[in-house]
Ligand code: UD1
Ligand code: CA
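In our numbering, the protein residues as written are 3 to 490.
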């Protein structure tokens, strides 16, 4: 893992494991690698961002494809980047080799840009389109297996669509063998009427692929070098060219427009939610719950409407999340209640509760049984076991011990305009309402802070701190005031 930008040195030997569906099936191991195409602009998206950076359920399109390749067992993945690559490279450089296609002259040009990277490579080379997020790892593995078993020059994944608009069409000969692929814009009316489409996922014999790429030209409606032309070239060379039809066309849905991005999100949502429902998660309305592909949820969790669980979020047994909650990269323990809460990179331990209307920002940590209540914002702070911040508080850069009660409206004044300062509160401290902590301050165990105190100095253990202006009552003042007003 971890390749550098640009062309790699000699490609290492790769192992491609096809996981058997049943234990008795034999396991295949073969040499394989994959190229993910992600250099195009995606003009149909009408976006400042390159297409493959757009997200489905919180994950960029290109990451879905790269992750599917890894899950299929491909250990060497190269990603072809080009248009606005500074936005794409950070998403893929950690676990793929980045190859630059300087001029985006078509899908064949993108693969050809990998020629040096795969110069010494002889085996199954999958080419995966970076804009189809729903491809399943099993399908990537299956393409390579079929190619290997048949020693085919290429196996292309195909799908039958009621509306094939926009996709390349699979043209078969009189014997039903794949002859070539014709792009929509180059198709005759008869060809356009064919509803078997090119998914944009292939497995090639690497040598046959690079030999054929040299013969691809740009004599077509778009003036581009089409990868799809490789099929006809390989067939003319007498090598087997095969199609593997998918039984689930949704896995081949290409995202070229915002409408297709929404459609892909809907398919992904249904697929992911169905798996969680089957595993024992309750959703009274699965259409109103959005769960990212890498989220982990234990059984007997309940997800209420308008809940978004994204990134590397995990939720432990018996917790209830929602309604109206958005959790990103947040770890929720068992038996928690997370009601109308936004949490980002937060830790919510077993039995803790938050909301309604809590905002847990990065490094907020609610320990076991702790509470962040209504209109409470917590950032980079630990709220100890059983401690409560029930109403209208801002807690930043604080460490709060066990069994502390923070009164309503209490605030840490953690920022002096330049620097952030820490507040430390011991165990069993009682903080009266509307307390301001002006840090750095430390409050000893068992201390008591009277309401409306502004804490500017440390408070020793078991002391009582009171720091507020004295009240004066002016007898009859209000009545006099009313009378004055009536006269004028
Ligand atoms: C392509 C196929 C089409 C297939 C469809 C499936 C070709 C010529 N056509 O069409 O047969 O039905 O995918 O979704 O291959 N890219 C590059 N460099 C380039 C151009 C594109 O890396 O110079 C990348 C894009 O970022 C994208 C992928 O290749 O991820 C496909 O490009 P796109 O323009 O979306 O091709 P389609 O028109 O959808
Ligand atoms: Ca496409």
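The beta carbon of each residue, even a glycine, is placed where N, CA and C say it ideally should be.
Residue burial classification, residue i (beta-carbon count within 10 angstroms, cutoff 16)
i	result
residue 487	exposed
residue 1	In the structure as shown, the chain starts at 3 and stops at 490, and residue 1 therefore has no counterpart that could be examined.
residue 204	buried
residue 167	exposed
residue 430	buried
residue 475	exposed
residue 455	buried
residue 286	exposed
residue 24	Note that residue 24 scores 37 on pLDDT, short of 50, meaning its location in the model is unreliable; the coordinates nonetheless yield the value given after this. Residue 24 should be labelled exposed.
residue 472	exposed
residue 92	exposed
residue 427	buried
residue 192	exposed
residue 479	exposed
residue 459	exposed
residue 88	exposed
residue 490	exposed
residue 103	buried
residue 470	exposed
residue 237	buried
residue 373	buried
residue 466	exposed
residue 276	exposed
residue 29	Bear in mind that a pLDDT of 35 at residue 29, under 50, signals an unreliable position, so the number given afterwards is only what the model happens to contain. Exposed, because fewer than 16 other Cβ atoms sit within 10 Å of the Cβ of residue 29.
residue 2	In the structure as shown, the chain starts at 3 and stops at 490, and residue 2 therefore has no counterpart that could be examined.
residue 422	exposed
Among the options, nearest to residue i - alpha-carbon criterion
i	options	result
residue 413	397, 115 and 105	397
residue 212	401, 48 and 110	110
residue 306	319, 300 and 288	288
residue 363	115, 206 and 331	331
residue 361	473, 207, 395 and 223	395
residue 161	246, 343, 323 and 465	246
residue 150	130, 207, 103 and 190	207
residue 468	453, 481 and 482	453
residue 98	490, 381, 271 and 70	70
residue 235	464, 228, 214 and 225	214
residue 130	72, 187, 223 and 417	72
residue 229	170, 257 and 175	170
residue 449	257, 483, 148 and 402	402
residue 348	85, 223 and 385	385
residue 62	273, 280 and 313	313
residue 96	106, 81, 241 and 105	81
residue 243	154, 209, 164 and 196	154
residue 435	308, 366, 387 and 451	451
For residue i: DSSP bridge partner residues
i	result
residue 247	160
residue 227	For residue 227, which the question treats as bridged, DSSP gives no partner whatsoever.
residue 402	385 and 427
residue 171	184 and 199
residue 482	Per DSSP, none; premise fails for residue 482.
residue 380	362 and 397
residue 47	DSSP output for residue 47 lists no bridge partner at all.
residue 291	309
residue 304	284 and 322
residue 410	Note: residue 410 sits in no beta bridge, so no partner.
residue 422	417
residue 457	439
residue 489	According to DSSP, which records beta bridges pairwise, residue 489 is partnered with nothing at all.
residue 467	451
residue 35	127
residue 138	Residue 138 is not bridged to any residue.
Contact set for residue i: own chain, Cβ-Cβ below 6 Å, skip 5 residues either direction
i	result
residue 316	298 and 333
residue 457	439 and 443
residue 132	38, 39, 40, 54, 64 and 67
residue 4	Because the pLDDT at residue 4 is just 26, under 50, the model does not fix this residue reliably, and the value given afterwards should be weighed accordingly. The answer is none, since no qualifying residue turns up.
residue 283	299 and 303
residue 310	292 and 328
residue 393	375, 376 and 410
residue 407	390 and 432
residue 339	322 and 355
residue 240	none
Cutoff 7 Å; reference residue i; Cβ partners in own chain excluding five residues on either side
i	result
residue 255	134, 136, 262, 265, 266 and 269
residue 253	136, 137, 138 and 141
residue 342	325, 326, 327, 357, 358 and 359
Beta-carbon contacts of residue i that lie in its chain and below 8 Å, excluding the five residues immediately before and after
i	result
residue 13	Any reading at residue 13 must be qualified, since the residue scores a pLDDT of 32, below 50, and its modelled position is unreliable; no value is offered.
residue 83	40, 41, 90, 91, 94, 100, 101, 102 and 103
residue 319	300, 301, 302, 303, 336 and 337
residue 51	86 and 89
Whole alpha helix (DSSP H) elements within the region 53 to 106, 4-residue minimum: Segments of the alpha helix (DSSP H) lying fully in the region 53 to 106: 63 to 73 and 87 to 94.
Every unbroken beta strand (DSSP E) within the region 306 to 367, with a cutoff of 3 residues, ordered by chain: As for any beta strand (DSSP E) of minimum length 3 sitting wholly inside the region 306 to 367, the runs are 309 to 312, 327 to 330, 343 to 346 and 360 to 362, ordered along the chain.
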